[in-house]
Amino acid sequence: MHEDVLHYVVSLANATRHHPQVAVGASPRAELDLVQLSRARALLLGRDYVIPEDVKELATAAVAHRITLRPEMWVRKIAGADVVSELLRRLPVPRISGT
12 MHEDVLHYVV SLANATRHHP QVAVGASPRA ELDLVQLSRA RALLLGRDYV IPEDVKELAT
72 AAVAHRITLR PEMWVRKIAG ADVVSELLRR LPVPRISGT
């Protein structure tokens, strides 16, 4: 996996840990699982390399249920998927060349 894509995964998990709506962010296990899922998606799509779109496509499903929101977020009907989607929109996506 390209170092920039791996850094993207780490940045996403780190952002969940510092998000104001999150009580407990994504664990290192969530990062590892997202990496493995991204590799599997790339393989299923006929590639032997992971691109940022693989990570983006799977991040919500892989990470949203692994974060704990602050109690008041439940009242406001904000879900983990909403937080992950917001972070995916905000985080810069790495540009990978030569793949």
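12 is the number of the first residue of the sequence shown in my numbering; add one for each residue after it.
Virtual Cβ for every residue (Gly too), placed ideally from N, Cα, C.
A quick note: this is a predicted structure, and the numbers were derived from the prediction, not measured.
In the three-state DSSP reduction, L23 falls in the helix class (H, G or I).
When D15, E14 and T27 are compared, the shortest CA-CA separation from A70 is found for T27. Look at the stretch 45-74 and you find these whole runs of alpha helix (DSSP H), each 4 residues long or longer: 63-74. Counted as a single uninterrupted DSSP element, the alpha helix (DSSP H) harbouring A92 occupies residues G91 to R101. Leaving aside the five residues that flank K88 on each side, none in its chain has a CB nearer than 6 angstroms to its CB.
For a cut-off of 8 angstroms, the C-beta gap from L45 to V61 is around 10 angstroms, too long to register as a contact. For V33, there is no enclosing alpha helix (DSSP H); the enclosing beta strand (DSSP E) has its first and last residue at V33 to V35. Looking from the CA of G91, the closest CA among V33, N25 and M12 belongs to V33.
Of the other Cβ atoms in all chains shown, 16 or more fall within 10 Å of the Cβ of V95; this residue is therefore buried.
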